[in-house]
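Novice:
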Ligand code: AMP
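In the working numbering, the protein residues as written are 61 to 274.
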């Protein structure tokens with residue numbers, strides 16, 4: 061099964077997506093993670109992407125489209141993939157459709173996760189991520205047992221550079237302007253589901269599982 065998860069920053073795509081992908085036996089492909097890895101490794105694409113990411117803007121389409129094509133056609137994606145953070149605008153969605161047709165692939169579910177802005181802000185401002193394994197925590201809702209270190213692997217926790225209040229506002233603006241139009245693009249499509257992602261982690265996961273089962 062191939063799945064697209066989309067929705068605003070902070071709605072829980074990363075947390076829920078990796079759990080759902082594991083359950084389905086498919087690989088999670090998070091565009092933001094691919095880009096952060098490229099920035100860390102200082103590849104040519106990473107250096108190009110960094111300024112956009114720090115400013116909360118979208119990285120140019122030609123960069124992300126190329127990266128996604130490489131990833132969804134890799135051998136480990138043969139059983140299926142779950143896209144988190146791609147596509148993020150209509151041109152990317154059109155490029156994805158062409159890419160899927162070219163490789164004889166199909167998307168079975170497009171799941172739109174939504175939550176009010178006040179909840180997104182709370183989630184983003186308190187978010188902490190493990191540098192080593194990428195596991196996510198929240199200062200108030202799911203704090204680590206020991207402050208500053210990951211419950212899973214003991215790695216150091218950090219706040220993403222773009223989880224600062226000014227950059228968050230910019231990211232939410234970009235979302236409203238460029239990503240939300242994807243709702244019109246996908247809402248009539250086969251396998252489209254909209255779920256309420258304002259509840260706690262278990263409730264949202266249950267709604268996602270239901271959507272996947274159809
Ligand atoms: P995320 O981890 O999904 O919140 O993404 C972090 C940042 O990576 C975004 O604010 C963008 O700068 C960049 N990014 C992630 N996905 C895309 C995409 N599909 N198109 C362009 N830029 C992206």
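Positions of the beta carbon are idealized from the N, C-alpha and C atoms, including for glycine.
From a predicted model like this one, the values you see are computed outputs, not experimental measurements.
Just reading off the alpha helix (DSSP H) that residue 80 is part of, what are its end residues?
Specialist: For the purposes of this step, residue 80 is identified with residue 20 of the chain shown, where counting begins at 1. Looking at the DSSP string, the run of the alpha helix (DSSP H) that includes residue 80 is 73-84.
Novice: I believe residue 188 touches residue 228 by the beta-carbon criterion, under 8 Å. Please report the beta-carbon distance rounded to the nearest angstrom.
Specialist: Residue numbering aside, residue 188 sits at position 128 when the chain shown is read from its first letter. Residue numbering aside, residue 228 sits at position 168 when the chain shown is read from its first letter. Actually they are not in contact, since the Cβ atoms of residue 188 and residue 228 sit about 15 Å apart, beyond 8 Å.
Novice: Where in the region 174-230 do unbroken runs of the beta strand (DSSP E), each at least 3 residues long, occur, reported from the N-terminal end onward?
Specialist: Counting only runs of 3 or more, we get 187-190 and 196-198.
Novice: Among 171, 260 and 224, whose alpha-carbon lies nearest the alpha-carbon of residue 274?
Specialist: Start at 1 with the first residue of the chain shown, and residue 274 comes out as number 214. Considering only alpha carbons, the answer is 171.
Novice: Pull up the DSSP beta-bridge partners for residue 123, would you.
Specialist: Against the chain shown, residue 123 aligns to sequence position 63. For residue 123, which the question treats as bridged, DSSP gives no partner whatsoever.
Novice: For residue 169, does the three-state DSSP call read helix, strand or coil?
Specialist: For this step, residue 169 is matched to residue 109 along the chain shown. Three-state result, residue 169: strand.
Novice: Should residue 180 and residue 65 be called a contact, given that it needs their Cβ atoms to be closer than 8 Å?
Specialist: The residue labelled residue 180 in the question sits at position 120 within the chain shown. The residue labelled residue 65 in the question sits at position 5 within the chain shown. For residue 180 and residue 65, no; Cβs fall outside 8 Å.
Novice: Nearest-angstrom Cα distance between residue 235 and residue 196?
Specialist: For this step, residue 235 is matched to residue 175 along the chain shown. For this step, residue 196 is matched to residue 136 along the chain shown. Each residue's alpha carbon lies about 22 Å from the other.
Novice: Take residue 77 and list the residues in its own chain whose beta-carbon comes closer than 6 Å to its own, dropping the five residues that flank it on each side.
Specialist: Residue mapping note: residue 77 aligns to position 17 of the chain shown, counting from 1. Result list for residue 77: 65, 88, 142 and 144, in chain order.
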